[in-house]
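K.L.:
Numbering of the sequence shown is given in my numbering, commencing with residue 92 and proceeding in unit increments. Every residue gets a Cβ at the ideal spot worked out from N, C-alpha and C, and that includes glycine. Please read these numbers as outputs of a predicted model, since none were measured by experiment.
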Amino acid sequence: MPFVRIDTLRAGPERLAALGRAVHDALMETIGIPPDDRFQVLVDHDGASSTLRYDDYLGVRRDDGIAYVMITLRSGHPPARKQALYRRIAELAHAYAGTDPRNVFVVLTENGPADWSLGEGRAQYLGTPGA
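#1: If distances are taken between C-alpha atoms only, which option among I162, Y145, V134 comes closest to V197?
#2: Between which two residues does the alpha helix (DSSP H) holding D116 run?
#3: May I ask which residues mark the beginning and end of the alpha helix (DSSP H) holding A158?
#4: Tell me the DSSP secondary structure of L133 in three-state form.
#5: Classify L209 as helix, strand or coil using the three-state DSSP reduction.
#6: When we look at the beta-carbon of N194 and count the other beta-carbons within 10 Å, is it buried (16 or more) or exposed?
#7: Helix, strand or coil for L183? Go by DSSP, reduced to three states.
#8: Short of 8 Å in beta carbon distance, which residues of its chain neighbour A151, apart from the five on each side in sequence? Order them along the chain.
#9: Please state whether DSSP places R178 in a helix, a strand or coil.
#10: Using a 10 Å radius around the Cβ and a threshold of 16 neighbouring Cβ atoms, would you call V95 buried or exposed?
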């Protein structure tokens with residue numbers, strides 16, 4: 092059950108939707124989420140009333156094509172699987188949205204079963220086998 096937020100700068104609705112699709116497909120391929128497990132917030136900043144900031148940290152030359160991808164999911168995924176996820180997001184973001192892989196900035200946050208309420212005021216993962 093990942094929760095995804097993607098922020099872009101003047102990407103437009105089609106590119107933003109393509110990035111959402113890229114992240115979802117990468118999560119299905121590498122983490123094994125089901126197709127209907129899509130919870131995303133997609134935000135395109137206009138550069139005037141809201142914007143994104145970035146520099147060339149660690150020698151990565153970013154530009155206004157940047158896409159910040161924040162993913163929250165339940166803990167337990169090994170580092171190799173996370174690296175595969177990052178790589179696949181960058182590949183699909185380039186294929187679907189034309190986003191240069193150097194502009195795909197991904198932050199992954201993990202938490203536990205008690206940290207999720209999927210509606211109805213309940214923590215559905217508590218007491219679930221495998222949760």
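P.N.:
The short version:
#1: I162
#2: First-last of the alpha helix (DSSP H) with D116: 104-121.
#3: For A158, no alpha helix (DSSP H) encloses it; the enclosing beta strand (DSSP E) starts and ends at 158-165.
#4: In the structure shown, L133 sits in a strand (DSSP, three-state: E or B).
#5: coil
#6: buried
#7: helix
#8: For the sequence presented, residue 151 should be read as Val rather than Ala. Same-chain partners within the cutoff: R193.
#9: R178 carries a helical assignment under DSSP once its states are collapsed to helix, strand and coil.
#10: buried
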